[in-house]
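Engineer: Take a look at this one; I'll ask things after.
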Amino acid sequence: MNILLLGSGGREHTFAWKITQSKLCTQLFTAPGNPGTAQFGININVEVTDFEGIKNLVLEKNVEMVVVGPEVPLVEGIYDFFLEDDQLKNIPVIGPSKNGAQLEGSKAFSKAFMIRHNIPTAAYKEFTSENLEEGLSYIEKQNIPIVLKADGLAAGKGVLICQSIEEAKEEFREMLSGKFGDASSKVVIEEFMDGIEFSVFVLTDGKDYKILPSAKDYKRIGEGDSGLNTGGMGAVSPPPFVTDDMMKMVEEKIIQPTIAGFQKDKIVYIGFVYIGLMVLKNGEIKVVEYNCRMGDPETEAVLPRLGNDIVELFSKTVNGELSTVNIQEDQRAAVTIILSSGGYPGDFEKGKVINGIDEINDSIVFHAGTKTENGKLITNGGRVLAVTSLHENWKEAIRISNKNAEKISFEGKYFRRDIGFDL
Ligand SMILES: Nc1ncnc2c1ncn2[C@@H]1O[C@H](COP(=O)(O)OP(=O)(O)O)[C@@H](O)[C@H]1O
Ligand SMILES: [Mg+2]
């Protein structure tokens, strides 16, 4: 079958790599794609939110399945767009309905969903400018640190952890007056959870589910988890501290009630659920957030450990046969290290020539922000490449990824040399 993949980052290069390993894939198209996805199929210059453009592409190329990488088209309703179109309604989209995507698209929606279905998460309240005063007095009664979250999508920048009540009140006012645009016209105020984070990934048809390999990502730019937040600077799968007992607890207390919640709320959900978790000091595990798609860079560490044919997995998900699947998990650990442009996540320059990828044979190098110009590979984003290594010993996987991150060169290259430092 012809498959269309939407997106253009390291996650999508990884999907392209994995999808084209399937005998069921005849031709892969990626829109808009990057030089990494171009190694596995044809890139088509259509933006992920250009639904009419995507429709034309699907009809013209006889696409029979659409796999959605990033959250924005899901939150904007690409699933429903297909379902409501006579020519597209029979073409499966791997990704939730607009309603389901609210789990990521609205923090208030996802908190209410968790409370409604008894899924452990931090206590919270939501406010708009209509009840600003109430919000301020609510803040005064809370402990510090205190967490403020813009309700809507804010590209990973909408969460503030405030160390004083004064700071929280100030930020709260600013958020409601448009600090993150529309995204912060509603603000969720949340209790701070102290612990260690990891993520689980679930593939579901809204009724049955399968758990994919788990991962831990590294969000801060600086070593020792310091400095500004980024899209993610590295990932380890599986996180070595996650035990079978913990996974059992997550499945019973979090995954099962989540899927049951889809049923009870009549949420149409065919696709990935990313569940961000916090392991508290007392051993309790709570949900930090849901995302309605796979993570980036977690995908670069998770998919290389997935033994199954991913297109077959998608087909079975769409056909309601997910319960017949056995997930095959590579026992080796995977470690991904991101190479970023100097200055990222602040201002950075693009267009630097990249060398050294071809000499690497013991890691997989996925493209994130790259571009080809005059036959040369150049940098084209903050996060440029993802280097993934697999090894029985996770420390060895870290060493190999570090070694190869060192070998690749471009002006201003930066990477964290301490991925896994806390494990
Ligand atoms: N209640 C909380 N307690 C402690 N840390 C939190 C809490 N909520 C969020 N965080 C931290 O902020 C990060 C971003 O929050 P998250 O809800 O995942 O939003 P997003 O990924 O949309 O920016 C989390 O990965 C976590 O490190
Ligand atoms: Mg998050």
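In the numbering used here, the protein residues as written are 5 to 427. Backbone N, C-alpha and C fix where the C-beta goes; we use that ideal spot for every residue, glycine too.
Contact between the region 313 to 328 and the region 185 to 205: three or more CB pairs below 8 Å?
Structural biologist: No, because fewer than three Cβ pairs between the region 313 to 328 and the region 185 to 205 fall closer than 8 Å, the two stretches do not touch.
Engineer: Just reading off the beta strand (DSSP E) that residue 382 is part of, what are its end residues?
Structural biologist: The count along the sequence shown starts at 1 and reaches residue 382 at position 378. Its beta strand (DSSP E) spans residues 380 to 383.
Engineer: Could you check the C-alpha separation between residue 27 and residue 5 for me, to the nearest Å?
Structural biologist: Here the question's residue 27 lines up with position 23 in the sequence shown. Here the question's residue 5 lines up with position 1 in the sequence shown. Distance between the alpha carbons of residue 27 and residue 5: 9 Å.
Engineer: Would you mind giving the Cβ-Cβ distance between residue 206 and residue 259, rounded to the nearest angstrom? I have them listed as a contact below 8 Å.
Structural biologist: Locating residue 206 in the sequence shown gives position 202, where the first residue counts as 1. Locating residue 259 in the sequence shown gives position 255, where the first residue counts as 1. Their Cβ separation, rounded to whole angstroms, is 6 Å, which keeps residue 206 and residue 259 in contact under 8 Å.
Engineer: Beta-carbon distances below 7 Å to any heavy atom of ligand 2 define the shell here; list its residues in chain order, please.
Structural biologist: The answer, residue by residue, is 160, 280, 292, 293 and 295.
Engineer: Give a yes or no on whether the C-beta atoms belonging to residue 7 and residue 69 are separated by under 7 Å.
Structural biologist: Start at 1 with the first residue of the sequence shown, and residue 7 comes out as number 3. Start at 1 with the first residue of the sequence shown, and residue 69 comes out as number 65. Yes, the pair counts as a contact, with Cβ atoms nearer than the cut-off.
Engineer: Taking the alpha helix (DSSP H) that residue 214 belongs to, which residues open and close that run?
Structural biologist: Start at 1 with the first residue of the sequence shown, and residue 214 comes out as number 210. Note, residue 214: premise wrong, no alpha helix (DSSP H); beta strand (DSSP E) at 213 to 226.
Engineer: Please go through the same chain and pick out, in chain order, the residues whose beta-carbon is closer than 7 Å to the beta-carbon of residue 212, but skip the five residues on each side of it.
Structural biologist: The sequence position of residue 212 within the sequence shown is 208, counting from 1. Same-chain partners within the cutoff: 326 and 327.
Engineer: What's the gap between the Cα of residue 420 and the Cα of residue 63?
Structural biologist: As a first step, residue 420 is located in the sequence shown; it is residue number 416 there, counting from the start. As a first step, residue 63 is located in the sequence shown; it is residue number 59 there, counting from the start. If you take the alpha carbons of residue 420 and residue 63, they lie about 43 Å apart.
Engineer: Determine the closest residue to residue 253 out of 290, 118 and 48, with distance taken between C-alpha atoms.
Structural biologist: Along the sequence shown, one-based indexing puts residue 253 at 249. Among 290, 118 and 48, the Cα nearest to that of residue 253 belongs to 290.
Engineer: Give every residue of the same chain whose Cβ lies closer than 6 Å to the Cβ of residue 297, excluding the five residues on either side of it in the sequence, and list them in chain order.
Structural biologist: Walking along the sequence shown from the start, residue 297 turns up at place 293. Cβ neighbours of residue 297 beyond the five flanking positions: 75 and 276.
Engineer: When we look at the beta-carbon of residue 401 and count the other beta-carbons within 10 Å, is it buried (16 or more) or exposed?
Structural biologist: Numbered from 1 along the sequence shown, position 397 holds the residue referred to as residue 401. Looking at its Cβ environment, which holds 16 or more other Cβ atoms inside 10 Å, residue 401 is buried.
Engineer: Go to residue 114, then tell me how far its alpha helix (DSSP H) extends in each direction, as first and last residue.
Structural biologist: Locating residue 114 in the sequence shown gives position 110, where the first residue counts as 1. 111 to 120 is the span of the alpha helix (DSSP H), which, as asked, contains residue 114.
Engineer: Got a sec: does ligand 1 put a non-hydrogen atom nearer than 6 Å to the Cβ of residue 117?
Structural biologist: In the sequence shown, counting from the first residue as 1, residue 117 sits at position 113. No.
Engineer: Are three or more beta carbon pairs between the region 304 to 311 and the region 168 to 187 nearer than 8 Å?
Structural biologist: Touching, no.
Engineer: Helix, strand or coil, according to DSSP, for residue 284 in the structure here?
Structural biologist: Here the question's residue 284 lines up with position 280 in the sequence shown. Strand, per DSSP.
Engineer: Contact check, residue 383 vs residue 411 under 8 Å by CB: the rounded distance?
Structural biologist: The count along the sequence shown starts at 1 and reaches residue 383 at position 379. The count along the sequence shown starts at 1 and reaches residue 411 at position 407. Wrong, their Cβ atoms sit about 16 Å apart, outside the cutoff.
Engineer: By Cβ distance below 8 Å, which residues in the same chain neighbour residue 430 in space, the five residues on each side in sequence not counted?
Structural biologist: Because residue 430 is not part of the residues shown, which for the chain are 5 to 427, the question remains open.
Engineer: Only counting the same chain, and skipping five residues up and downstream in sequence, which positions put a Cβ closer than 6 Å to that of residue 237?
Structural biologist: Position 233 of the sequence shown holds residue 237. Around residue 237: 222, 342 and 420.
Engineer: State the Cα-Cα distance for the pair residue 50 and residue 36, rounded to the nearest angstrom.
Structural biologist: Numbered from its first residue, the sequence shown carries residue 50 at position 46. Numbered from its first residue, the sequence shown carries residue 36 at position 32. Going by the C-alpha atoms only, they are around 5 Å apart.
Engineer: Pick from 318, 346, 381 and 398: whose alpha carbon is nearest that of residue 331?
Structural biologist: One-based indexing of the sequence shown puts residue 331 at position 327. Ranking 318, 346, 381 and 398 by Cα distance to residue 331 puts 318 first.
Engineer: According to DSSP, is residue 277 helix, strand or coil?
Structural biologist: Counted from its first residue, the sequence shown places residue 277 at position 273. Here residue 277 sits in strand by DSSP.
Engineer: At which residues does the alpha helix (DSSP H) containing residue 77 begin and terminate?
Structural biologist: Mapped onto the sequence shown, residue 77 falls at position 73. 75 to 79 is the span of the alpha helix (DSSP H), which, as asked, contains residue 77.
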